[in-house]
Amino acid sequence: MNLSEGCSFKEVDSLMKTVQLGVHVPTFFLGLCLNLLAIYSFASFLRKWQEEYRATSIYMINLAVFDLLLVLSLPFKMALSQGPAHASSLCTMVECLYFVSMYGSVFTITFISLDRYVSIKHPIWVKNIRSPRNISVVCCSIWALVCIGTIPIYEFHGDAGNSTCFHNMSDSAWGVPAIVPLEFFGFLLPMGTVCVCSFSSIHTLLGKQDQRNAWAGKRAHVIRSIAASLAVFVVSFLPVHLCIFLQFLVRNGFIQDCRTKQGVSFALQLAFCLSNINCCLDVFCYYFVSKEFRAGIMTHHRPLRVQLSGRTQLLPQESIPISTEDTKEKL
9 MNLSEGCSFK EVDSLMKTVQ LGVHVPTFFL GLCLNLLAIY SFASFLRKWQ
59 EEYRATSIYM INLAVFDLLL VLSLPFKMAL SQGPAHASSL CTMVECLYFV
109 SMYGSVFTIT FISLDRYVSI KHPIWVKNIR SPRNISVVCC SIWALVCIGT
159 IPIYEFHGDA GNSTCFHNMS DSAWGVPAIV PLEFFGFLLP MGTVCVCSFS
209 SIHTLLGKQD QRNAWAGKRA HVIRSIAASL AVFVVSFLPV HLCIFLQFLV
259 RNGFIQDCRT KQGVSFALQL AFCLSNINCC LDVFCYYFVS KEFRAGIMTH
309 HRPLRVQLSG RTQLLPQESI PISTEDTKEK L
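Residue 125 in the working numbering is what sits at position 117 of the sequence shown, and the numbering runs on without skipping anything.
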């Protein structure tokens with residue numbers, strides 16, 4: 009990836025060219041088709057379904073757009089990675105697009121997990137704050153945040169003659185002021201939020217599985233959707249940020265051994281390469297959410313009209329008695 013103190017990375021870079029070609033080409037075509045299909049499908053949901061589903065559709069469309077941008081950046085990333093970064097403004101634009109899409113996905117998945125958690129834990133009052141308008145504001149805020157966060161990239165290559173696009177960024181890019189906020193706000197905080205929200209939501213749903221057999225299957229769909237989102241997040245972004253930390257140690261002199269540096273360089277490039285598959289893995293999230301829509305399941309529970317002892321009232325689904333003989337549901 010660079011040359012430092014006689015330690016050559018030519019073999020690593022040569023191997024990664026082959027790996028990237030084998031991964032990025034199928035990722036591009038598959039990701040392009042899947043995300044265009046996802047955007048079309050959730051746009052249809054946005055027009056046809058009620059407000060609760062429209063709110064979820066906005067999140068899903070936002071995630072699919074970020075994934076689509078990452079897919080579109082891959083051909084440019086492969087073409088420009090061989091050229092000098094400091095001589096091409098196009099390189100910087102593609103780098104910004106790449107990281108906007110990557111961290112846009114991170115924050116969108118985080119807010120989807122948070123949205124599900126609040127919806128499951130507080131199904132009554134969440135309807136007052138969960139609207140398409142509010143969700144749109146959140147998504148616009150994510151776009152603003154990630155776009156502002158990529159501004160420092162314009163200074164990260166410096167004037168180094170051996171600097172290439174997506175490689176060999178200047179020392180300032182690997183300094184504490186850049187890496188610590190990136191690791192904490194860009195990964196650790198979102199990762200903690202996704203894990204806590206996901207496990208808490210699954211625990212809540214499992215704790216209610218014996219209440220009504222009619223909803224057991226539908227509740228299982230929601231659990232699988234939450235688990236899929238968590239798995240995609242961990243598989244896609246944990247290796248990348250772990251390798252970024254190791255490269256931070258290399259660039260700041262904490263790791264001196266040449267073979268270790270080569271291993272870290274290879275692991276970092278491979279992790280970024282494989283993380284791009286996230287734009288295809290998100291299809292599992294789309295699948296489960298789409299299945300929820302078609303099965304009539306909501307992430308927060310819609311009140312049902314119930315007749316109790318001749319008196320009709322609205323109750324949340326989870327509040328309906330299990331086996332009371334005089335209980336009749338009117339959907």
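Beta carbons are placed, not taken as given, at the ideal position from N, Cα and C, and that holds for glycine.
ask   = Which residue's Cα is closest to the Cα of Phe36: Val230, Leu78, Leu23 and Phe74?
value = Leu78
task = Starting from Arg267, trace the alpha helix (DSSP H) both ways and give me its first and last residue.
result = Counting along the chain, the alpha helix (DSSP H) containing Arg267 begins and ends at Cys266 to Ser283.
request  = Check Cys15 in the structure and name its three-state DSSP category.
outcome  = strand
query = Do the region 265-277 and the region 14-22 meet, that is, are 3 or more Cβ pairs less than 8 Å apart?
reply = yes
task = Return yes when the Cβ of Cys251 is within less than 9 Å of the Cβ of Ala279, no when it is not.
result = Yes, they are a contact pair.
ask   = Within 10 angstroms of its Cβ, does Cys249 collect 16 or more other Cβ (buried), or is it exposed?
value = Reading off the sequence, residue 249 comes out as His, not Cys. Answer is buried; the Cβ neighbour count reaches 16.
task = Would you identify the three-state DSSP class for Arg138, choosing helix, strand or coil?
result = coil
key: Endpoints, the alpha helix (DSSP H) within which Ile117 is located   = Ser97 to Lys129
key: Rounded Cβ spacing between Asp179 and Arg259 (contact assumed at less than 8 Å)   = 7 Å
ask   = Pick from His211, Tyr162, Phe74 and Ser49: whose alpha carbon is nearest that of Ala152?
value = Phe74
inquiry  = Measuring only the C-alpha atoms, how far is Pro185 from Thr158?
reply    = Those two C-alpha atoms are separated by around 14 Å.
inquiry  = Since Tyr294 and Gly194 should fall inside the 8 Å C-beta cutoff, what is the C-beta to C-beta distance between them, to a whole number of angstroms?
reply    = Rounded, the Cβ-Cβ distance is 24 Å, inconsistent with contact.
query = Between which two residues does the alpha helix (DSSP H) carrying Glu163 extend?
reply = Careful: Glu163 lies outside any alpha helix (DSSP H) and carries neither H nor E.
N-terminal and C-terminal residue of the alpha helix (DSSP H) that Thr158 is part of = No alpha helix (DSSP H) contains Thr158, which DSSP labels as neither H nor E.
ask   = Which class does Cys288 belong to by DSSP, given the choice of helix, strand or coil?
value = helix
Residue of Ser81, Phe241 and Val291 minimising C-alpha distance to Asn43 = Val291
ask   = Beta-carbon separation of Ile117 and Val27 under 9 Å?
value = Not a contact, by the Cβ cut-off of 9 Å.
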